[in-house]
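Engineer: Letter 137 of the sequence shown, counting from 1, is numbered 138 in our numbering, and no numbers are missing.
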Amino acid sequence: MSRASLREFQTHLAQRLTAAQSGQAPSRWLAVLAGQWRFLLPLEFSGEISPMQHCAPLPHALPWFLGLVSLRGQVCGVVHLGRFMGEDAAALTPQARLIQFAPALDINTALLVDQLVGLRNPDQLQKVLGVQEEGPGEGAPPWLRTTYRDAEQNLWHEVDLLALAENEQFLSVT
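This is how it looks when you write it as structure tokens:
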């Protein structure tokens with residue numbers, strides 16, 4: 002993706018996020034890729050999106066906690082969402098983004114995702130019932146909610162960011 006088209010995509014996405022948060026658009030989720038996972042992050046609990054920046058590592062932290070970064074003067078912890086899901090670390094690409102939690106959640110953390118896919122609304126997806134081996138089921142993390150299938154038959158997993166922000170494993174970085 003060229004710089005111009007990436008900038009256009011980011012501008013368009015920012016406009017749609019603003020419209021969605023003001024109730025003018027039907028979009029409900031920010032669709033992201035993290036490793037092999039496709040996640041739907043609720044817009045109401047998703048904060049600012051930033052390009053990946055250099056992280057100051059935290060000694061003795063778990064591999065999925067990359068360290069601390071300053072985003073607009075606010076110190077935030079950075080969690081690699083793919084690694085947190087147990088995937089091996091892949092090289093970061095220019096499409097990688099940091100997605101802060103919304104200020105309402107009162108957690109200074111950003112999720113590192115491999116790529117933003119765009120905005121999604123319930124009309125674009127079909128709820129998958131009885132998913133066991135393909136997605137959240139018995140033994141799934143408590144912050145993974147419903148699994149959906151898109152028109153291309155990809156599975157998308159809805160993330161409850163409030164439950165993730167309160168999850169003991171997520172909060173224990175060392």
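Note that the Cβ used here is the ideal one computed from N, Cα and C, for glycine as well.
Taking the straight line between their C-alpha atoms, what separation do you get for Pro142 and Phe85?
Structural biologist: 11 Å
Engineer: Tell me whether the beta-carbon of Val181 lies closer than 8 Å to the beta-carbon of Val33.
Structural biologist: What is shown of the chain runs 2 to 175, which leaves residue 181 out entirely.
Engineer: Start and end of the alpha helix (DSSP H) containing Phe85?
Structural biologist: 82-85
Engineer: Out of Pro52, Gln54, Ala111, Gln96, state which residue places its alpha-carbon closest to the alpha-carbon of Gly78.
Structural biologist: Comparing Cα-Cα distances from Gly78 to each of Pro52, Gln54, Ala111, Gln96, the minimum goes to Ala111.
Engineer: Which value, in whole angstroms, describes the spacing of the CA atoms of Leu31 and Leu44?
Structural biologist: 6 Å
Engineer: How would you label Gln154, buried or exposed, when you count the other beta carbons within 10 angstroms and need 16 or more for buried?
Structural biologist: exposed
Engineer: Take Asn168 and list the residues in its own chain whose beta-carbon comes closer than 6 Å to its own, dropping the five residues that flank it on each side.
Structural biologist: So the qualifying residues of the chain are Trp144.
Engineer: Spell out the partners DSSP gives Ser71 in its beta bridges.
Structural biologist: Val76
Engineer: Taking C-beta to C-beta, are Val1 and Phe40 nearer than 8 Å?
Structural biologist: Outside the modelled stretch of the chain, which goes from 2 to 175, sits residue 1, for which no answer is possible.
Engineer: In the DSSP assignment, find the beta strand (DSSP E) that holds Ala164 and state where it starts and stops.
Structural biologist: Run containing Ala164: none in the beta strand (DSSP E); it sits in the alpha helix (DSSP H), 162-167.
Engineer: Looking at the unbroken beta strand (DSSP E) that takes in Pro52, where does it start and where does it end?
Structural biologist: 47-52
Engineer: List the DSSP bridge partners of His158.
Structural biologist: Phe40, Thr148
Engineer: With 16 as the cutoff for other CB atoms within 10 Å, does Ser28 come out buried or exposed?
Structural biologist: buried
Engineer: Could you check how far apart the C-beta atoms of Leu69 and Val76 are, in whole angstroms? I think they sit under 8 Å.
Structural biologist: That belief holds up - the Cβ atoms of Leu69 and Val76 are roughly 6 Å apart, short of 8 Å.
Engineer: So the candidates are Ala35, Asn122, Pro95, Leu82; which of them puts its Cα closest to the Cα of Asp151?
Structural biologist: For the residues Ala35, Asn122, Pro95, Leu82, the minimum Cα distance to Asp151 belongs to Asn122.
Engineer: Measure from the alpha carbon of Asp191 to the alpha carbon of each residue in Ala164, Gln170, Arg146, Gln37, then state which is nearest.
Structural biologist: Within the shown structure, residues of the chain are numbered from 2 to 175, placing residue 191 beyond reach of any answer.
Engineer: State buried or exposed for Asp89, treating a residue as buried only when at least 16 other CB atoms are found within 10 Å of its CB.
Structural biologist: Exposed, because fewer than 16 other Cβ atoms sit within 10 Å of the Cβ of Asp89.
Engineer: Look at the alpha carbon of Ala166 and the alpha carbon of Glu9, and state the distance between them as a whole number of angstroms.
Structural biologist: 31 Å
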